[in-house]
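In our numbering, the protein residues as written are 312 to 666.
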């Protein structure tokens with residue numbers, strides 16, 4: 312079943328008829344919906360308080376804590392959707408990969424994958440591996456009422472980049488060396504990661520997530536031909552694996568202006584756009600039949616209320632002719648962002664787009 316089609320025998324509900332899900336389905340909305348990547352996190356003092364002394368990965372495995380953190384921006388900012396609080400490496404940790412998230416660095420993998428023998432580290436993910444996710448989402452959906460919950464996962468290329476490099480990278484020399492030099496090993500690695508990622512998304516959807524977003528954070532490092540040949544098949548496998556649930560599927564990457572059409576081709580219903588490409592131009596690149604998400608530069612929020620309103624108006628004007636538009640930043644909320652600036656932004660978008 313298409314994510315753009317009503318389920319058979321559907322009865323209208325507050326959730327199904329929410330502005331966010333309507334926009335994802337490219338249906339008329341009462342106002343442009345708003346949510347922010349990384350809205351549940353480092354910019355909120357209440358988040359810093361509840362996370363104090365708790366390592367990142369541990370915090371992702373405590374259902375009550377995940378529930379509280381996920382709800383915080385909904386309470387404070389009145390956003391139109393919640394995003395499940397987790398990290399893209401959680402499913403890798405759950406299947407036994409020796410990794411940790413080091414403050415100020417990011418995910419660090421103890422034994423990087425550099426050979427075919429190393430693929431043995433990647434076993435299948437089962438629902439039992441992430442039972443805390445199921446528990447947290449059930450708690451969340453009970454609290455959220457008619458506000459949709461977005462589940463998410465890291466895309467195969469981005470996960471592979473961490474696994475092959477052993478941590479964050481600016482150049483991806485090891486990952487690209489494998490992609491170019493041993494394409495069969497690379498394809499097998501991404502295919503296995505696609506299966507793990509799809510299983511992780513299925514757990515979230517079956518627990519009650521109303522939409523899912525695939526983060527291919529580092530795909531912007533690729534040329535279009537390399538993306539099409541070496542990455543798109545694995546991302547498409549993930550999207551195809553969850554297509555039958557009928558929930559909107561969002562695809563986002565940073566610096567992916569040259570890849571927008573291909574990212575849409577991979578199977579997303581909504582294509583996320585960073586701040587480098589205006590939404591009207593992004594729509595031309597993506598083509599018809601897709602909603603778009605984005606795309607205010609996160610740094611604009613440091614420029615003062617008048618500048619925020621001006622730049623937000625530019626985004627809304629650029630999106631005026633889109634079939635479906637979900638307002639978001641062009642990347643995640645920066646840690647030092649004033650939470651009140653986010654709340655004012657939500658209010659402004661709602662006011663300006665009320666129909």
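C-beta: ideal position from N, C-alpha, C; glycine also.
Bridge partners of residue i, per DSSP?
{"i": "residue 602", "result": "581"}
{"i": "residue 413", "result": "417"}
{"i": "residue 638", "result": "345 and 605"}
{"i": "residue 524", "result": "463 and 561"}
With a threshold of 7 Å on Cβ separation, who are the neighbours of residue i within its own chain once the five nearest residues in sequence on each side are excluded?
{"i": "residue 320", "result": "Low per-residue confidence applies at residue 320: pLDDT is 42, beneath 50, and the placement is therefore not dependable, though the value from the model is reported in the following sentence. Cβ within range, chain order: n/a, list empty."}
{"i": "residue 447", "result": "374, 377 and 378"}
{"i": "residue 574", "result": "562, 564, 567 and 582"}
Can you check whether the CB of residue j is closer than 7 Å to the CB of residue i?
{"i": "residue 646", "j": "residue 353", "result": "yes"}
{"i": "residue 594", "j": "residue 633", "result": "yes"}
{"i": "residue 531", "j": "residue 564", "result": "yes"}
{"i": "residue 435", "j": "residue 405", "result": "no"}
{"i": "residue 502", "j": "residue 552", "result": "no"}
{"i": "residue 427", "j": "residue 500", "result": "no"}
{"i": "residue 543", "j": "residue 577", "result": "yes"}
{"i": "residue 351", "j": "residue 381", "result": "yes"}
{"i": "residue 438", "j": "residue 511", "result": "no"}
{"i": "residue 584", "j": "residue 389", "result": "no"}
{"i": "residue 383", "j": "residue 355", "result": "yes"}
Could you check which residue in the options has the C-alpha nearest to that of residue i?
{"i": "residue 342", "options": "653, 631 and 451", "result": "631"}
{"i": "residue 603", "options": "436, 337 and 666", "result": "337"}
{"i": "residue 522", "options": "581, 350, 504 and 439", "result": "581"}
{"i": "residue 417", "options": "408, 425 and 399", "result": "399"}
{"i": "residue 661", "options": "649, 427 and 636", "result": "636"}
{"i": "residue 432", "options": "599, 438, 410 and 601", "result": "410"}
{"i": "residue 596", "options": "572, 391, 489 and 617", "result": "572"}
{"i": "residue 559", "options": "539, 585, 537 and 600", "result": "600"}
{"i": "residue 498", "options": "619, 615 and 540", "result": "540"}
Spatial neighbours of residue i within its chain, please: CB distance less than 6 Å, with the 5 preceding and 5 following residues excluded, ordered by chain position.
{"i": "residue 362", "result": "370"}
{"i": "residue 569", "result": "535"}
{"i": "residue 483", "result": "472 and 532"}
{"i": "residue 468", "result": "527, 530 and 542"}
{"i": "residue 507", "result": "402 and 436"}
Report back the beta-carbon spacing between residue i and residue j to the nearest angstrom; my notes put them in contact at under 8 Å.
{"i": "residue 698", "j": "residue 420", "result": "Look at the range of the chain in this structure, 312 to 666, and you will see that residue 698 is not part of it."}
{"i": "residue 557", "j": "residue 609", "result": "Not a contact, Cβ separation roughly 31 Å."}
{"i": "residue 526", "j": "residue 463", "result": "6 Å"}
{"i": "residue 520", "j": "residue 470", "result": "Contact doesn't hold; Cβ gap of about 19 Å is too wide."}
{"i": "residue 396", "j": "residue 644", "result": "13 Å between Cβ atoms; not a contact."}
{"i": "residue 385", "j": "residue 458", "result": "6 Å"}
{"i": "residue 332", "j": "residue 393", "result": "13 Å between Cβ atoms; not a contact."}
{"i": "residue 612", "j": "residue 649", "result": "7 Å"}
Among the residues of its own chain, which have a CB less than 8 Å from the CB of residue i, if the five just before and after it don't count?
{"i": "residue 423", "result": "429, 474, 475, 476, 477 and 485"}
{"i": "residue 316", "result": "Confidence at residue 316 is low in this model, with a pLDDT of 40, below 50, so the placement of that residue is unreliable and no value is reported for it."}
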